[in-house]
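Participant: Under our numbering, think of the first position of the sequence shown as 38, with each following residue one higher. Take a look at this one; I'll ask things after.
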Amino acid sequence: MSRLILAINPGSTSTKVGLFKDDEPIFTKTIEHDHEELQKFPTIAAQKDFRLQFVLESLDAEGVKVRDIAGAVGIGGLLPPIEAGGYRVNQKMLDILTNEVGIAAHASNLGAILAAQVARLADCEAFIYDAVSAGILPDIAKITGFPDIVRRSLSHTLNMRAQAIQFAKKNGKSFEEIGLVIAHLGGGVSITAYDKGKLEDSIGDDLGPFSSERAGAAPLMDFVDFCYDKGLSKKDAQRSIRGNGGIKAHLGTASLKDAEAMIATGDERAKLVVKAMCYGVSKGIASMAVALKGKLDAIILTGGIARSDLITGWIAERVEFIAPVTVMAGEYELEALAAGCLRILSGQETAREM
């Protein structure tokens with residue numbers, strides 16, 4: 038018996054929606070939201086009814102009745118550290134995400150909230166799968182020079198694990214048999230090391246290379262001076278790190294396509310900045326190889342920016358001495374969400390609870 042599964046992936050200014058019949062897509066759609074309109078809401082969670090309207094309109098436009106949906110699944114947000122895989126959306130999870138208790142404000146937090154809203158209308162269950170915070174780091178990887186600050190994994194887990202599983206399958210192996218370093222290249226960059234399916238370490242967008250709009254790691258003493266000298270509020274400082282940093286801060290655009298166009302016209306400054314980003318990604322990959330003691334089968338470059346031959350080429354030439362480089366461009370998060378939900382609904386996987 039086939040099932041209709043609705044997958045929801047909210048972003049900072051968009052909501053991606055996909056309807057699947059089991060694991061076969063019926064439609065996928067990206068709903069773009071006006072930035073100024075979103076700014077009117079006091080919190081990200083307060084956007085739920087606004088975004089839900091667009092989700093329901095997408096179903097209606099395709100002639101799909103919400104009551105026919107067998108399962109709703111959203112991307113997991115910046116929850117406290119949890120295991121990879123599927124979780125049933127319960128009230129505890131919703132309270133954490135709605136009130137932002139001990140977590141950062143992020144559009145992905147709406148994934149569970151929107152899935153729960155749809156599930157109530159459809160009288161079905163709601164899940165998240167491979168949350169941004171999924172993956173428990175080994176103790177040795179958690180410790181920092183500040184006893185009060187503990188490292189945790191915040192990465193593009195959903196797309197990374199989906200690509201890793203697909204890579205292993207194509208090579209006649211299972212994810213649990215190989216060692217991989219995976220770099221997701223998008224608005225933010227994250228890099229992970231997996232050994233036989235187990236997360237060994239990860240670099241989030243505030244600990245490693247800068248990206249199109251995120252600052253990445255920087256000298257701490259200089260950043261302290263930067264914040265104090267400019268009299269930045271906490272919110273302003275956070276926006277300097279996420280949203281106003283990286284390529285955008287250097288070149289005035291967060292579009293890598295625009296940056297490549299600048300390079301094509303002979304803009305040496307643009308070329309240097311983009312190459313510096315690739316250099317940072319390469320160093321991050323090398324550091325994750327250390328977590329695997331150099332025993333890795335491949336390096337995977339994925340995410341939207343991995344569609345750029347220029348960028349993946351600049352990275353590959355620096356890291357291919359470590360392991361073969363495979364480019365798996367794009368993001369398959371809606372497909373991965375639906376596939377995870379299907380495994381739960383069909384009994385192949387048991388959903389955890391917070």
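Note that beta-carbon positions come from the ideal geometry of N, C-alpha and C, so glycine has one too. Because the structure is a prediction, the values reported are computed rather than measured.
What three-state label does DSSP hand Asp243 in the structure shown?
Facilitator: Taking the sequence shown and counting its residues from 1, the one referred to as residue 243 is at position 206. Coil at Asp243, not helix or strand.
Participant: Is it the case that the Cβ atoms of Ala44 and Leu338 are separated by a distance below 8 Å?
Facilitator: Position 7 of the sequence shown, counted from the first residue, corresponds to residue 44. Position 301 of the sequence shown, counted from the first residue, corresponds to residue 338. In this structure, Leu338 does not lie closer than 8 Å to Ala44 by Cβ.
Participant: Nearest to Ala98 by CA position, among Ile68, Gly113 and Ile133, is which residue?
Facilitator: The residue given as residue 98 occupies position 61 in the sequence shown. The shortest C-alpha separation from Ala98 is found at Ile68.
Participant: How many whole angstroms separate the CB atoms of Gln148 and Ile112, which I take to be in contact at a CB cut-off of 8 Å?
Facilitator: As a first step, residue 148 is located in the sequence shown; it is residue number 111 there, counting from the start. As a first step, residue 112 is located in the sequence shown; it is residue number 75 there, counting from the start. The question names Gln, but residue 148 in the sequence shown is Gly. Correct: roughly 4 Å between the Cβ atoms.
Participant: Taking only the alpha-carbon atoms, compute the straight-line gap between Ser145 and His70 and give it to the nearest angstrom.
Facilitator: If you number the sequence shown from 1, residue 145 lands on position 108. If you number the sequence shown from 1, residue 70 lands on position 33. Each residue's Cα considered, the two are about 15 Å apart.
Participant: Mark Pro246 as exposed unless 16 or more other C-beta atoms lie within 10 angstroms of its C-beta, in which case mark it buried.
Facilitator: Within the sequence shown, residue 246 is the residue found at index 209, counting from 1. Per the 10 Å Cβ criterion, buried.
Participant: So, are the CB atoms of Gly123 and Glu372 less than 8 Å apart?
Facilitator: What you label residue 123 is simply residue 86 of the sequence shown in a count that begins at 1. What you label residue 372 is simply residue 335 of the sequence shown in a count that begins at 1. Not closer than 8 Å, so no.
Participant: Measure the Cβ-Cβ separation of Ala171 and Thr194 and say whether it is below 8 Å.
Facilitator: Here residue 171 corresponds to residue number 134 of the sequence shown, with the count starting at 1. Here residue 194 corresponds to residue number 157 of the sequence shown, with the count starting at 1. Closer than 8 Å, so yes.
Participant: Would DSSP call Ser95 helix, strand or coil?
Facilitator: Here residue 95 refers to the residue found at position 58 when the sequence shown is read from its first residue. Helix at Ser95.
Participant: Tell me which same chain residues have a C-beta within less than 8 Å of the C-beta of Gln200, skipping the five on either side of it?
Facilitator: Locating residue 200 in the sequence shown gives position 163, counting from the first residue. Same-chain partners within the cutoff: Ile219, Ile337, Thr339, Met365 and Tyr369.
Participant: Among Arg40, Ser51, Asp167 and Ala82, whose alpha-carbon lies nearest the alpha-carbon of Arg104?
Facilitator: As a position in the sequence shown, residue 104 is number 67, starting the count at 1. It is Arg40 whose Cα lies nearest to the Cα of Arg104.
Participant: Roughly how many angstroms separate the alpha carbons of Asp132 and Val169, rounded to a whole number?
Facilitator: In the sequence shown, residue 132 corresponds to position 95, counting from 1. In the sequence shown, residue 169 corresponds to position 132, counting from 1. The straight-line gap from Cα to Cα measures roughly 17 Å.
Participant: Use the C-beta contact count for Ala296: other C-beta atoms within 10 angstroms, 16 or more gives buried, fewer gives exposed.
Facilitator: Along the sequence shown, read from residue 1 onward, the residue named residue 296 stands at position 259. Buried: at least 16 other Cβ atoms inside 10 Å.
Participant: For a test of the three-state rule: what should DSSP assign to Val261, helix, strand or coil?
Facilitator: Here residue 261 is taken as the residue at index 224 of the sequence shown, counted from 1. Residue state, collapsed to three classes: helix.
Participant: Which residue's Cα is closest to the Cα of Phe91: Asp259, Lys66, Asp334 and Cys161?
Facilitator: As a position in the sequence shown, residue 91 is number 54, starting the count at 1. With distances taken between Cα atoms, Phe91 lies closest to Lys66.
Participant: Report yes or no: do three or more beta-carbon pairs, one from the stretch 269–285 and one from the stretch 323–334, lie closer than 8 Å?
Facilitator: Contact fails: fewer than three Cβ-Cβ distances are below 8 Å.
Participant: Is DSSP giving Thr50 helix, strand or coil here?
Facilitator: In the sequence shown, counting from the first residue as 1, residue 50 sits at position 13. Looking at Thr50 - three-state DSSP - the assignment turns out to be coil, as it is neither helix nor strand.
Participant: For Phe57, count neighbouring Cβ atoms within 10 angstroms of its own Cβ and tell me buried if that reaches 16, exposed if not.
Facilitator: Counting from 1 along the sequence shown, the entry for residue 57 is found at position 20. Flag for Phe57 reads buried.
Participant: Counting beta carbon pairs with one atom in the stretch 267–280 and one in the stretch 299–307, are three or more of them shorter than 8 Å?
Facilitator: Contact fails: fewer than three Cβ-Cβ distances are below 8 Å.
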